[in-house]
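Novice:
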Ligand SMILES: [Zn+2]
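In our numbering, the protein residues as written are 8 to 391.
1. Run the CB neighbour count on residue 286, radius 10 Å, all protein chains shown included, and call it buried at 16 or more, exposed below.
2. Give me, in chain order, the residues of the same chain whose beta-carbon lies closer than 7 Å to that of residue 247; leave out the 5 immediate sequence neighbours on both sides.
3. What did DSSP end up calling residue 38 once you bin it into helix, strand or coil?
4. Less than 8 Å between C-beta atoms, sequence neighbours within five positions excluded: which residues of the same chain meet that for residue 162?
5. Using a Cβ-Cβ cut-off of 7 Å (strictly less than) and excluding sequence neighbours within five positions of residue 385, which residues of its own chain qualify?
6. Among 378, 136 and 91, whose alpha-carbon lies nearest the alpha-carbon of residue 300?
7. Hey, would you say the C-beta of residue 73 is under 8 Å away from at least one heavy atom of ligand 1?
8. Would you mind sorting residue 216 into buried or exposed? The rule is 16 or more other CB atoms within 10 Å of its CB.
9. I believe residue 212 touches residue 86 by the beta-carbon criterion, under 8 Å. Please report the beta-carbon distance rounded to the nearest angstrom.
10. Here's the rule I'm using: 16 or more other beta-carbon atoms within 10 Å means buried, otherwise exposed. How should residue 261 be labelled?
11. Between the C-alpha atoms of residue 78 and residue 55, what's the straight-line distance to the nearest angstrom?
12. Where does residue 158 land, buried or exposed, given buried means 16+ other C-beta within 10 angstroms?
13. With a threshold of 8 Å, establish whether the CB of residue 62 neighbours any heavy atom of ligand 1.
14. Under the three-state reduction of DSSP, which class applies to residue 141: helix, strand or coil?
15. Please confirm whether any heavy atom of ligand 1 lies closer than 8 Å to the CB of residue 59.
16. Just list the residues that DSSP pairs residue 163 with in beta bridges.
17. Identify every run of the alpha helix (DSSP H) within the segment 85 to 150, keeping only runs that are complete inside it and at least 4 residues long; order them along the chain.
18. In or out: residue 242 buried (at least 16 other Cβ within 10 Å) or exposed?
19. By the DSSP assignment, the alpha helix (DSSP H) with residue 363 in it spans what residues?
20. Report the rounded CA-to-CA distance for residue 128 versus residue 388, giving the unit in angstroms.
21. Keeping to the same chain, check which residues put their C-beta closer than 8 Å to that of residue 20; ignore five residues upstream and five downstream.
22. Report the residue ranges of all beta strand (DSSP E) runs contained in full by the segment 207 to 271; include only those spanning at least 3 residues, in chain order.
23. Taking C-alpha atoms, which residue in 228, 251 and 268 lies nearest to residue 240?
24. If we define contact as Cβ-Cβ less than 9 Å, is residue 135 a contact residue for chain C?
25. Please classify residue 401: does DSSP put it in a helix, a strand, or coil?
26. In its own chain, which residues sit with a C-beta less than 7 Å from the C-beta of residue 67, not counting the 5 before and 5 after it?
27. Run the CB neighbour count on residue 113, radius 10 Å, all protein chains shown included, and call it buried at 16 or more, exposed below.
28. From residue 303 to residue 150, what does the alpha carbon distance come to, in whole angstroms?
29. Could you say which of 378, 111 and 90 lies nearest to residue 140 if we only look at CA atoms?
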């Protein structure tokens with residue numbers, strides 16, 4: 008992965024390159040940011056740049072043996088650790104990243120490194136509830152490998168994708184190394200959920216915050232993916248909130264079953280608030296709260312998109328709306344209830360719920376408060 012393959016973030020790339028060029032590479036760096044904005048590809052580009060023997064123009068060459076080995080996750084001075092698991096695991100069976108490296112390599116190349124934890128778990132075919140994890144054995148093996156002599160690079164690098172899923176014992180082993188850094192060993196931790204990491208791990212790492220992808224860059228991506236109308240491309244970029252994954256999701260539109268399901272839940276809650284049917288709303292909350300955190304957050308992001316769209320229609324900006332079939336029909340009817348007086352508070356309610364759920368708050372309580380607050384102005388307007 009070269010820096011030039013990463014969408015946007017030109018300033019951040021320059022800063023990362025400057026740090027490596029200066030030779031003062033921090034021994035542990037924590038890449039964080041919203042999923043789909045490029046945390047993992049950026050970390051991989053840094054790793055390739057560190058190992059490249061022929062850097063030029065602020066990027067790795069992509070051609071030297073080191074670059075070739077890094078891009079296939081086969082460099083002997085680099086280790087990649089990521090959450091794994093399997094269905095029907097035998098009791099006591101140890102599942103390690105190395106076993107899944109071919110699948111990881113293929114998936115990384117297919118997606119350019121833009122994927123979420125859920126995308127990866129789907130690739131591992133873990134079913135609905137099983138998640139990946141990073142075992143203590145994994146941390147032990149990694150430390151043993153680090154003790155081997157360097158093969159060709161002046162540095163040894165370790166990438167840990169999603170350190171938040173490490174078992175406590177594994178976290179402690181890693182923490183030990185972070186506390187007493189080894190010479191010429193650089194750790195790259197890439198997290199989706201910084202709030203779940205040990206505070207001691209955070210304090211031992213240099214933070215690299217990866218912001219949302221710039222809107223202009225996402226417009227270019229939308230056009231590359233076949234959107235011909237520039238207004239549409241601009242609008243999809245706006246809706247995707249700086250995430251390439253969201254952009255792809257919006258483009259897959261009506262074919263996306265999850266988005267369809269989210270729409271149906273949203274429409275039903277809004278209809279019930281119009282009818283003052285609190286019992287039905289609370290029963291919907293119970294169902295949503297039983298889902299995984301990732302699923303709930305995905306749903307809330309979709310709800311805020313639909314509210315924004317309804318507001319755009321209300322404000323007379325119908326031509327820049329980007330809705331499909333039933334979504335469009337519903338939001339058209341629903342738009343009169345979403346005006347400038349209420350939209351900001353509604354979106355803030357959803358964003359607050361997302362923050363609280365990320366911090367492991369009680370989903371049922373948070374969602375009850377969130378939906379009843381959103382429904383209030385709709386009920387009020389219907390009474391007029
Ligand atoms: Zn190279």
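Glycine included, each C-beta is placed from N, C-alpha and C at the ideal position. It should be emphasised that the depicted structure is a prediction, and the values quoted were computed from it without experimental measurement.
Specialist: On the basis of the coordinates in this document:
1. Residue environment analysis places residue 286 among the exposed positions, since fewer than 16 neighbouring C-beta atoms fall within 10 angstroms of its C-beta.
2. Only 225, 253, 254 and 257 meet the Cβ criterion.
3. Judged by DSSP in its simplified three-state form, residue 38 adopts strand.
4. The residues 32, 57, 58, 84, 191, 192 and 193, in chain order, have a CB closer than 8 Å to that of residue 162 in the same chain once the five nearest residues on each side in sequence are set aside.
5. Hits under 7 Å: 277, 280, 281 and 344.
6. Ranked by how close their Cα comes to the Cα of residue 300, the residues 378, 136 and 91 have 136 in first place.
7. Yes.
8. Residue environment analysis places residue 216 among the exposed positions, since fewer than 16 neighbouring C-beta atoms fall within 10 angstroms of its C-beta.
9. With 8 Å as the limit, residue 212 and residue 86 do not qualify as a contact, their Cβ atoms being about 17 Å apart.
10. Any reading at residue 261 must be qualified, since the residue scores a pLDDT of 47, below 50, and its modelled position is unreliable; the value itself is stated next. That one is exposed.
11. Between the alpha carbons of residue 78 and residue 55 lies a distance of about 7 Å.
12. Exposure of residue 158 is indicated by the presence of fewer than 16 other C-beta atoms within 10 angstroms of its C-beta.
13. Annotation for residue 62 indicates a beta carbon within 8 Å of some heavy atom of ligand 1.
14. Strand, per DSSP.
15. Under cutoff, so the answer is yes.
16. According to DSSP, residue 163 bridges with 192.
17. Segments of the alpha helix (DSSP H) lying fully in the segment 85 to 150: 108 to 118 and 124 to 130.
18. The residue in question, residue 242, is buried, as its Cβ has 16 or more Cβ neighbours within 10 Å.
19. Start and end: 347 to 365.
20. If you take the alpha carbons of residue 128 and residue 388, they lie about 43 Å apart.
21. The answer, listed in chain order, is 10, 13, 49, 52 and 65.
22. Counting only runs of 3 or more, we get 213 to 216.
23. Considering only alpha carbons, the answer is 228.
24. The chain labelled as chain C is not found in the depicted structure, where only one protein chain is given.
25. A question about residue 401 goes unanswered here, because the residues of the chain that appear run from 8 up to 391.
26. These residues qualify, in order along the chain: 9, 55, 56, 59 and 74.
27. Looking at its Cβ environment, which holds fewer than 16 other Cβ atoms inside 10 Å, residue 113 is exposed.
28. Approximately 36 Å between the Cα atoms of the pair.
29. With respect to the C-alpha of residue 140, the residue from 378, 111 and 90 having the closest C-alpha is 90.
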